[in-house]
Amino acid sequence: MDQPVKVQYKPLSSACGVEILGLDLRENLPQQTIDEIRALWNQYIVLVFRNQTITEDEQLRFAGKFGDLGERKAPPEELKERTTGVLQNDQRVMLVSNKMLEGKPVGSFGDGDMWYHIDSGYAKNPYTYTFLYGVELPSEGGNTLFGNMYKAYDSLSQDLKDKLAGQKALHIHQYERRARVDISGDISKIPHWFHPVFVTHPESGRKSLFVDRLMTQRIEGVSHDESEAILEELYAAGENPENVYEHEWELGDFVMWDNRCAIHGRTWFDPQEPRLLRRCTIEGGPLYEELSDYPQNQSA
Ligand SMILES: [Fe+2]
């Protein structure tokens, strides 16, 4: 019997990221290959496949091997126009694009730079994984920056780790790209959730910092001023260039990452140039600070 070929790969930076070589994602890959990809994912956080030609259906089929496909979150009515693209026909697919069709955006979140964030980090069940395929790219810029949040956690002082152990933070999303959310008033209509500041990845068992500049707005249990100072320190830890892999897109790139241990952001690009990436996700579950807190690890 033929044995599946061992996956070949090449690390992309000392922060995170690995290029997987020699695979065509249109093919029905054997389970052993999927298992090897998952193992590399747990180790390197961000996986890159170059020179792929993959339809929307093929992308969903491949992504679906890693869990239940996520659906785009429905924004509240008053924020709807910021995220409703006219060519987003499948609830499981988001077109990250600045393109317009007859005066209306074809997708969502597509223009200019975007602050570091966790996809749907403001939800009770943030997406476990995100998959992004490069369809149309500007001549320069629009790179995706990935921060390794295991390394960010490791870099914090023991004092700060002790202080924030057991603490939660507010994650809230107003469908902006580069602005903090004003939480001084009523936030009940703005999507939000409280997550532990530190979460343990249920597969790797490693602890990561679960905070990002765009959506994490408040540390619970401390004063406003102290929360602001701590958050700035935590943002900086996640965005430390030593812990960041910057992906310069090429047409046909297929990039997939783990939202439980990475933040990502986007660099600026010329708004006159079209950019379109096709995104899908895997649905996640609640995140916990300790491995023993996950329901499957609790004894009856
Ligand atoms: Fe994102």
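The numbering used here applies: residue 2 is where the sequence shown begins, and numbers increase by one.
Ideal placement from N, C-alpha and C gives every residue a C-beta, glycine not left out.
Leaving out the 5 sequence neighbours to the left and right, which residues in its chain are closer than 7 Å to residue i when beta-carbon positions are compared?
i, result
"Tyr295", "Pro203 and Tyr289"
"Gln175", "Leu80, Val182 and Ile191"
"Tyr154", "Phe199, Lys208, Ser209 and Leu210"
"Ser228", "Arg219 and Ile220"
"Leu88", "Leu96, Leu102, Val107 and Gly108"
Classify residue i: buried if its beta carbon has 16 or more other beta carbons within 10 angstroms, exposed otherwise.
i, result
"Arg93", "buried"
"Thr282", "buried"
"Gly239", "buried"
"Lys11", "exposed"
"Ser224", "exposed"
"Ser140", "exposed"
"Leu22", "exposed"
Determine whether the beta carbon atoms of residue i and residue j lie at a separation below 9 Å.
i, j, result
"Lys74", "Pro197", "no"
"Gly131", "Gly68", "First, the amino acid is wrong: residue 131 is Thr here, not Gly. No, the pair does not count as a contact, with Cβ atoms beyond the cut-off."
"Gln168", "Ile220", "yes"
"Glu72", "Arg279", "no"
"Glu251", "Gly135", "yes"
"Asp114", "Arg179", "yes"
"Thr9", "Asp254", "What sits at residue 9 in the sequence shown is Gln, not Thr. No, the pair does not count as a contact, with Cβ atoms beyond the cut-off."
"Ile46", "Gly18", "yes"
"Val49", "Glu78", "no"
For the putative contact between residue i and residue j, defined by C-beta atoms under 8 Å, what is the C-beta separation to the nearest angstrom?
i, j, result
"Asn260", "Pro127", "6 Å"
"Ile264", "Met150", "6 Å"
"Ser156", "Asn241", "7 Å"
Within the present structure, is the beta-carbon of residue i separated from the nearest heavy atom of ligand 1 by less than 8 Å?
i, result
"Asp120", "yes"
"Thr131", "yes"
"Met257", "no"
"Phe110", "yes"
"Met150", "no"
"Met216", "no"
"His265", "yes"
"Met101", "no"
Take residue i and list the residues in its own chain whose beta-carbon comes closer than 6 Å to its own, dropping the five residues that flank it on each side.
i, result
"Asn43", "Glu204 and Ser205"
"Met2", "Caution is warranted here: a pLDDT of 47 is assigned to Met2, below 50, making its placement in the model unreliable, and the coordinate value is therefore given only provisionally. Same-chain partners within the cutoff: there are none."
"Gly266", "Met115, Trp116, Tyr117 and Leu146"
"Thr217", "Ala170 and His172"
Could you name the residues of the same chain whose beta carbon sits closer than 8 Å to that of residue i, not counting the 5 residues immediately before and after it, in chain order?
i, result
"Leu70", "Leu61, Ala64, Arg93, Cys281, Thr282, Ile283 and Glu284"
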